[in-house]
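Here the structure is laid out as structure tokens; the discussion comes afterwards.
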Amino acid sequence: MSKKSGFDRAILVEAIKESFVKLDPRALWKNPVMFVVEVLAVITTYFAIRDVTGGAGKSFWFDGQIALWLWITVLFANFAEALAEGRGKAQADALRKTRSETIAKKLVGGKTEEISASQLRKDDIVLVEAGDFIPGDGEVIEGIASVDESAVTGESAPVIRESGGDRSAVTGGTRVLSDWIKVRITANPGETFLDRMISLVEGAKRQKTPNEVALTILLIGLTIVFLLAVATLEPYAIYSGTIVSIPVLAALMVCLIPTTIGGLLSAIGIAGMDRLLKRNVLAMSGRAVEAAGDVGVLLLDKTGTITLGNRMATEFVPAPGVSPARLADAAQLSSLADETPEGRSIVILAKEKFNLRERDIAGIGAKFIPFSAHTRMSGVDLQGREIRKGAMDSIANYLREKGYDIAAEVKAAVEDIARQGGTPLVVAEGNQALGVIYLKDVVKGGIKERFSQLRRMGIKTVMITGDNPLTAAAIAAEAGVDDFLAEATPEAKLKLIREYQGKGNLVAMTGDGTNDAPALAQSDVGVAMNSGTQAAKEAGNMVDLDSNPTKLIEIVEIGKQLLMTRGALTTFSIANDVAKYFAIIPALFIVTYPQLGVLNIMGLATPQSAILSAVIFNALIIIALVPLALRGIAYRPLGANVILRRNILIYGVGGLIAPFIGIKLIDMILFALHLS
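Numbering of the sequence shown is given in the numbering used here, commencing with residue 1039 and proceeding in unit increments.
Written out as structure tokens, the structure is:
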């Protein structure tokens, strides 16, 4: 994915242009607060022009400045939204180019016909050979190939795609590096994964989330209240003998309504989606991102999420009368041809503990016995030695056929390893069991601390595994999860999710297989792996392009950061109105009611300067907060009460104090430059 900064020069230039384009009322009415500001800017501009034609030069200078800053307020709000949207447009252009230039080899009657990828329809069959781009989303129905998915995921390492299983889904715009595959297209033009990416990164189809809708309704309500309040000031001013111009009332109105959050609300939502995209997560809707911030339960697969994914040899436990070195020697010999991660870890452990280096396999005339599902053993025959390695039951049957049995001490070691959550492999040579290899699920470094952070945030973690309850309990305790589901089946996952949701929790989970699809569809935040099946990707509401199950934790953090940012800036926006009251209200009526001078606690120079200073600050604070809206509030894994107190202290109290300082500084500058 493109990692361009939001402040890239080309993006800034495009955002400035878009700021003017977005002045179109047909586009701006979707942001009611800024639409009201634009209407007031038009009215104020009219009065400024009337001042010129009527010969009121002094009034024009004052009214013109108000009109100018009202237009700047709208432009700054448009700029914030355009900047947030612009960060995805460069990538969208590149993706669109990839799609439009791809040629498909459609199979018709056993022959290939070259057509544009845009002409493909669902269920068409295409042939993709080495060097070709995959023309659309689909399922591999024949063949196997190495595929470069960097155009979509940003990762340079190729992946294997083959027919059958959970590695058959392919994405349009990716490229086959070797071999060939036949692909059945699963989406029509406009419905592909690439199309959804383009729409989402551009923000073209981003729908407002429920929280955004609720906040927008609140902002509209506040705007109506202040509109009524300001409208009543005109007859009151006439009654009291005070002359209040329409531009001044417009300035008061703009300063009182929540323009700060109104101008930044859309940018905050778009930036939240963008932060997910930067981590190679494609959210199908803003609702999913928002739900991630309110998640109360995380369901996490053990393998690849909590553990490294492969069981590793950690110890050799010899039988009575057998030295550890002899056991390690036999275990290594039996594993030299075992290319599984477990087999390689046995070879490495023997090297590290007993300095047993690589053997000359050809020189010793070894005959390797591959693992089979029937025997559940593997091994090697060499120089009169017969070595076998496998599960205890398999080795016991192997020795029993020879008339021997496994020593009680070896059986006890097997049971002890199983109780600790490990996998025991028994090694036998000839008619004797030499001992046990302790294979252990290695819990990822730092994962326990991450779970501790989630617990402090009020989020419960549940490990899902196919292991037996004994093994699952041991790994759950080591990893520090709150609960676990052992011997998990699709039905059991679905039942567990519904139970948590029935208690009022929002649930998030990851998955990549077709058997995960029901649970992904049921969960509030379902993150499908890009390497998984099409069914899983269609069931989830997010797709992790890196296929990294631990990304779920980051997604929850980004969701919470989005909610925190919106809440903090809303608090700031409402709080900073207080200073504007002390600036504008005295300025309006101080001539008629000199007693109001006591409210001029900032010591503003003149009524005109007070009004202009408040309007200018109201505009500048929007642009000052744009970086924060795009970057988001710094995330800290704290409880809801702690976060609330912290935000009220920083953004509530800060929102009260900052305007007093800012308005006073602007007033001093205006007075010094004789602009008021």
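All residues carry an ideal CB built from backbone N, CA and C; glycine is no exception.
Exercise for review: Helix, strand or coil for GLU1187, going by three-state DSSP, please let me know.
Suggested key: GLU1187: coil per DSSP, three-state reduction.
Check your understanding: Any idea which residues DSSP pairs MET1567 with across the strands?
Key -> For MET1567, DSSP records a beta bridge to ASP1582.
Point to revise | Pairwise C-alpha distance: LEU1694 and ARG1513 | key: At residue 1513 the sequence reads Ile, which differs from the Arg that was named. C-alpha separation (whole angstroms): 50 Å.
Practice item. Return helix, strand or coil for ALA1617, following the three-state DSSP convention. Key: Of the three classes helix, strand and coil, the one that applies to ALA1617 here is helix, per DSSP.
Point to revise | Assigned exposure category for TRP1107 - 16 Cβ within 10 Å defines buried | key: Under this definition TRP1107 is a buried residue.
Practice item. Please check the pair ASP1584 and ASN1348, which I expect to be a contact at CB under 8 Å, by giving their CB distance rounded to whole angstroms. Key: Actually they do not touch by this definition, with Cβ atoms about 19 Å apart.
Check your understanding: Do the region 1320 to 1333 and the region 1539 to 1546 make contact, defined as three or more Cβ pairs closer than 8 Å?
Key -> Result yes; three or more Cβ-Cβ pairs closer than 8 Å.
Exercise for review: Flag this pair as yes or no: are the beta carbons of ASP1705 and ALA1648 separated by less than 8 Å?
Suggested key: ASP1705 places its beta carbon less than 8 Å from that of ALA1648.
Exercise for review: Quickly, what does DSSP pair TYR1442 with across the bridge? List them, please.
Suggested key: Per DSSP, TYR1442 has no beta-bridge partner at all.
Review point. Pick from ALA1388, LEU1253, LEU1271: whose alpha carbon is nearest that of THR1297?
Key: Here the closest residue by C-alpha is LEU1253.
Exercise for review: Assuming ALA1309 contacts GLY1605 (C-beta within less than 8 Å), just tell me the rounded distance between them.
Suggested key: About 15 Å separates the two Cβ atoms, so there is no contact after all.
Review point. Going by other Cβ atoms of all chains shown within 10 Å of its Cβ, with 16 needed for buried, is PHE1058 buried or exposed?
Key: Under this definition PHE1058 is an exposed residue.
Review point. Whose C-beta lies closer than 6 Å to the C-beta of PHE1117 among residues of the same chain, with five residues either side of it excluded?
Key: Taking PHE1117 as the centre and dropping the five residues before and after it, the same chain places the C-beta of ALA1053, SER1057 closer than 6 Å to its C-beta, in chain order.
Review point. Which one of SER1611, LEU1637, THR1378, ASP1339 has the shortest CA to CA distance from THR1503?
Key: Ranking SER1611, LEU1637, THR1378, ASP1339 by Cα distance to THR1503 puts ASP1339 first.
Practice item. Measure the C-alpha to C-alpha separation of GLN1103 and TYR1689 and round it to an integer number of angstroms. Key: The straight-line gap separating the alpha-carbon atoms of GLN1103 and TYR1689 is approximately 29 Å.
Practice item. Return the bridge partner residues of GLN1470 from the DSSP annotation. Key: Per DSSP, GLU1467.
Exercise for review: State the beta-bridge partners of MET1415 as determined by DSSP.
Suggested key: MET1415 is bridged to GLY1428.
Check your understanding: Could you give the distance in angstroms between the alpha-carbon of GLN1539 and the alpha-carbon of PRO1507?
Key -> One C-alpha to the other measures close to 24 Å.
Review point. Roughly how many angstroms lie between the CA atoms of LEU1315 and ASP1582, to the nearest whole one?
Key: Their Cα atoms are separated by approximately 9 Å.
Practice item. Within 10 angstroms of the Cβ of VAL1292, are there 16 or more other Cβ atoms? Answer buried if so, exposed if not. Key: So VAL1292 counts as buried.
**Study point:** Alpha-carbon to alpha-carbon, LEU1113 and SER1651
**Key:** Straight-line Cα distance between these residues: approximately 18 Å.
Review point. Based on Cα-Cα distance, which residue from GLY1148, GLY1147, LYS1149, LEU1158 lies nearest to ILE1141?
Key: Residue LEU1158 is the option with its Cα nearest to ILE1141.
Review point. Using the C-alpha atoms, what's the distance from THR1343 back to GLU1516?
Key: Approximately 14 Å between the Cα atoms of the pair.
Review point. Looking at the unbroken alpha helix (DSSP H) that takes in ASP1717, where does it start and where does it end?
Key: With the chain running from 1039 to 1714 in the structure shown, residue 1717 is simply not present.
Check your understanding: Beta-carbon separation of LEU1607 and ILE1258 under 8 Å?
Key -> Contact annotation: LEU1607 and ILE1258 have beta-carbon atoms that are not nearer than 8 Å.
**Study point:** Inter-residue Cα distance where the pair is GLU1537 and ILE1497
**Key:** Taking C-alpha positions only, GLU1537 is separated from ILE1497 by approximately 16 Å.
Review point. THR1552 by DSSP, collapsed to three states: which one?
Key: Looking at THR1552 - three-state DSSP - the assignment turns out to be helix.
Review point. What distance in whole Å lies between the Cβ atoms of LEU1365 and GLY1473, which are believed to be in contact at a cut-off of 8 Å?
Key: At roughly 4 Å, the Cβ-Cβ gap stays under 8 Å, so GLY1473 and LEU1365 are in contact.
Exercise for review: State buried or exposed for ARG1488, treating a residue as buried only when at least 16 other CB atoms are found within 10 Å of its CB.
Suggested key: Buried is the call here.
**Study point:** Top-ranked residue by Cα proximity to LEU1290, from LEU1600, GLN1646, LEU1302, VAL1465
**Key:** Of LEU1600, GLN1646, LEU1302, VAL1465, the residue nearest in Cα terms is GLN1646.
Practice item. Tell whether a beta-carbon distance below 8 Å holds between VAL1074 and ILE1295. Key: Less than 8 Å separates the beta-carbon of VAL1074 from that of ILE1295.
Check your understanding: Quick one: Cα of LEU1717 to Cα of LEU1050, how far?
Key -> There is simply no residue 1717 to check, as the chain begins at 1039 and stops at 1714 in what is shown.
Practice item. Go ahead and pull the three-state DSSP assignment for GLY1381. Key: If DSSP states are grouped into helix, strand and coil, GLY1381 belongs with the helices.
**Study point:** Sub-8 Å separation of TRP1218 and VAL1146 beta-carbons
**Key:** Taking 8 Å as the Cβ cut-off, TRP1218 and VAL1146 do not qualify as a contacting pair.
Check your understanding: Can you check whether the CB of VAL1221 is closer than 8 Å to the CB of VAL1185?
Key -> Their beta carbons are not under 8 Å apart, which means VAL1185 does not touch VAL1221 by this criterion.
Review point. Under the DSSP definition of a beta bridge, which residues are partnered with ILE1475?
Key: Per DSSP, the beta-bridge partners of ILE1475 are PHE1354, LEU1463.
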